[in-house]
Amino acid sequence: MPDCSEIEIVVAGEEHIKFVDEILDTINRAAKVRGTGIAKRSPEYVRQKMLEHKAVVALCNGEFAGFSYIECWSNKEFVANSGLIVADKYRGIGLSRRIKERIFRLSREMFPKAKIFSLTTGAAVMKINFELGYRPVTFDELTTDEAFWRGCESCVNFDILQRNGGHKCLCTGLMYDPSEPYHNTIIK
Numbered sequence: 017m018p019d020c021s022e023i024e025i026v027v028a029g030e031e032h033i034k035f036v037d038e039i040l041d042t043i044n045r046a047a048k049v050r051g052t053g054i055a056k057r058s059p060e061y062v063r064q065k066m067l068e069h070k071a072v073v074a075l076c077n078g079e080f081a082g083f084s085y086i087e088c089w090s091n092k093e094f095v096a097n098s099g100l101i102v103a104d105k106y107r108g109i110g111l112s113r114r115i116k117e118r119i120f121r122l123s124r125e126m127f128p129k130a131k132i133f134s135l136t137t138g139a140a141v142m143k144i145n146f147e148l149g150y151r152p153v154t155f156d157e158l159t160t161d162e163a164f165w166r167g168c169e170s171c172v173n174f175d176i177l178q179r180n181g182g183h184k185c186l187c188t189g190l191m192y193d194p195s196e197p198y199h200n201t202i203i204k
């Protein structure tokens, strides 16, 4: 098993575009294995995130190890941290936490006043988010931007979201609000 300390997590740029297909393949395979929903993203979408420096890539000796990206909604009032994935051979060494911490810091640097949110069905991601200062929220507290919710259409659980009028699904909504006076956070 690789040593997590050997892995660097960098803000993605043009030089990381070569990993786009591998990132998307890893995300799709992981969703199938877990049987969970996922909002599908095109290669062009992920490339654009890299070119805008709104993504982080984890690398081990130049090899893809993990990824996450940022998306803004509702005139930059909300920022979503999405697409968290770790390559199979790098799982179980704490890399998800390191990627989440880095994408969180990048979100705070780029959009210091934005509410940062995440939708997930994964207990591990919920735990990391809580440690970063997120709190569980209802979907009504998240962005009302229709473009965000259209991203859910490719999820296997979209029918549940539709049946509940966009208010409930299997995902848990979590949010970090920088205007709240107290945060149980390990990173500022």
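Residue numbers for the sequence shown follow my numbering, beginning at 17 and rising by one. From the three backbone atoms N, C-alpha and C, an ideal C-beta is built for every residue, glycine too.
Check whether the Cβ atoms of A103 and T154 sit closer than 7 Å, and answer yes or no. Against a cut-off of 7 Å, the Cβ pair of T154 and A103 comes out as no contact.
With burial defined as no fewer than 16 other Cβ atoms inside 10 Å of the residue's Cβ, what is the status of G78: buried or exposed? By the neighbour-count criterion, in which a residue is buried when 16 or more other Cβ atoms sit within 10 angstroms of its Cβ, G78 is exposed.
Kindly list the residues whose CB is nearer than 6 Å to the CB of D37, restricted to its own chain and excluding five residues on each side of it in sequence; keep chain order. Within the same chain, D37 has no close Cβ partners at all.
When the Cβ atoms of the stretch 104–111 are set against those of the stretch 79–86, are three or more pairs found closer than 8 Å? Counting Cβ pairs under 8 Å, three or more are found: they touch.
Based on the DSSP output, what are the partners of M191 in its beta bridges? BP columns for M191 point to F133, R151.
Compute the distance between the beta-carbons of S84 and I119, then report whether it is under 7 Å. Going by C-beta atoms, S84 is nearer than 7 Å to I119.
For I144 and R113, what's the separation of their Cα atoms in angstroms? Their backbone Cα atoms lie some 6 Å apart in a straight line.
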